[in-house]
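Working notes for the structure below.
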Amino acid sequence: MNERAPIVLVVDDDDAVRQALARLVRSAGYRVQAYRSASEFLQCPPLADCPACLILDVRMPELNGLDLQGRLNAAGASLPIIFITGHGDIAMTVRAMKAGATDFLTKPFEDADLLRAVDTALRNASQALEKRIEIESIRGRLARLTPREREVLVLLVEGRLNKQAAYELGVAEKTIKVHRARVMEKMEAHSLVELARAADKAGMPPLPRQAVAG
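Note that the working numbering has the sequence shown beginning at 142, numbered continuously upward.
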C-alpha cells in the first residue's frame with residue numbers, strides 16, 4: 142500500500158459509530174486508521190509525509206475531542222479536523238472552529254456531507270504538505286551556503302548590483318560574481334526573481350553583514 146496516499150484518521154469511543162465511519166470513508170477510496178479514544182490516538186507513531194485529516198467525536202471519556210484538538214494545536218500539528226457530535230451547541234461549534242476545525246457535523250448527518258468535508262480537508266492537507274516540503278527543500282539549500290554566500294544572497298534579494306555588493310562587503314566585483322554564481326547554483330535558481338521568492342518562502346531573515354557594520 143502507498144504510505145504517501147491520503148489517510149483519514151477516525152477517533153470515536155462508540156464501536157458501532159467508529160466502524161461505520163471507517164467503512165464509509167473506505168468506500169470513497171481512502172485509507173483509514175481508527176482509534177477508540179483520544180489517548181490511543183496520541184500514542185500512535187507519527188504519520189509519514191502524506192495528506193491526512195481527522196474525524197473526531199466531541200464527547201468522549203477521559204480526553205474529549207476539543208481537548209485533543211487543543212493538544213494537537215499546542216504541539217504544532219497542522220491536522221485538519223472534522224468534528225462530529227450528537228449533542229452540539231453553538232458555543233462548542235464556535236470553540237472548535239476558532240481553534241481551526243474545518244467542519245462541525247451534528248448527528249445524524251448525510252454520508253455525502255461527511256465525504257464532502259473529508260474531500261475538502263484532504264485537499265487542504267495536501268496543499269499544506271506540498272508547501273511544507275517546498276520550504277524544507279529551500280531551507281536545505283540555504284544550509285549549503287557559506288556565511289559569505291548568505292551575505293551575498295541577502296544583498297542580491299535586496300536589489301544590489303554586483304558593484305554595490307562588492308563595495309558593501311569590501312571585496313572585488315569579480316569576487317561577488319563568483320559568489321553570485323555559486324549562490325544561484327546551490328539555490329537552484331534561474332533568476333534573481335526565483336532567488337528572492339525562495340528566500341521569502343523560507344522566511345529567511347535579513348542577516349547582519351560585518352563588512353557593513355564595520
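Glycine included, C-beta positions come from ideal geometry on N, C-alpha and C. Predicted model only: the values in this text are computed from it and were never measured.
DSSP three-state call for residue i: helix, strand or coil?
{"i": "residue 250", "result": "coil"}
{"i": "residue 152", "result": "strand"}
{"i": "residue 226", "result": "strand"}
{"i": "residue 197", "result": "strand"}
{"i": "residue 244", "result": "strand"}
{"i": "residue 350", "result": "Here the model assigns residue 350 a pLDDT of 47, short of 50, so the residue's position is not dependable and the matter cannot be decided."}
{"i": "residue 301", "result": "coil"}
{"i": "residue 171", "result": "coil"}
{"i": "residue 186", "result": "coil"}
{"i": "residue 319", "result": "helix"}
{"i": "residue 287", "result": "coil"}
{"i": "residue 165", "result": "helix"}
Cβ atoms of residue j and residue i: under 8 Å apart, would you say?
{"i": "residue 188", "j": "residue 223", "result": "no"}
{"i": "residue 193", "j": "residue 231", "result": "no"}
{"i": "residue 198", "j": "residue 234", "result": "no"}
{"i": "residue 146", "j": "residue 191", "result": "yes"}
{"i": "residue 279", "j": "residue 342", "result": "yes"}
{"i": "residue 317", "j": "residue 298", "result": "no"}
{"i": "residue 312", "j": "residue 286", "result": "no"}
{"i": "residue 266", "j": "residue 221", "result": "yes"}
Let me see if you follow: with CB-CB separation under 8 Å, is residue i close to chain C or not?
{"i": "residue 288", "result": "Here chain C cannot be found, since the structure has a single protein chain."}
From the DSSP output, which residues share a beta bridge with residue i?
{"i": "residue 176", "result": "152"}
Evaluate residue i with the Cβ neighbour count: other Cβ atoms within 10 Å of its Cβ, from every protein chain shown; 16 or more gives buried, anything less gives exposed.
{"i": "residue 334", "result": "exposed"}
{"i": "residue 302", "result": "exposed"}
- Query: At a cut of 8 Å, does the stretch 169 to 179 reach the stretch 203 to 217 through at least three beta carbon pairs?
  - Reply: yes
For this session: Would you check if there are 3 or more beta carbon pairs closer than 8 Å linking the stretch 235 to 246 to the stretch 259 to 272?
Result: yes
Exercise. Give a yes or no on contact between the stretch 165 to 177 and the stretch 211 to 221, applying the rule of three or more CB pairs nearer than 8 Å.
Key: The stretch 165 to 177, when compared against the stretch 211 to 221, does not touch it at the 8 Å Cβ threshold.
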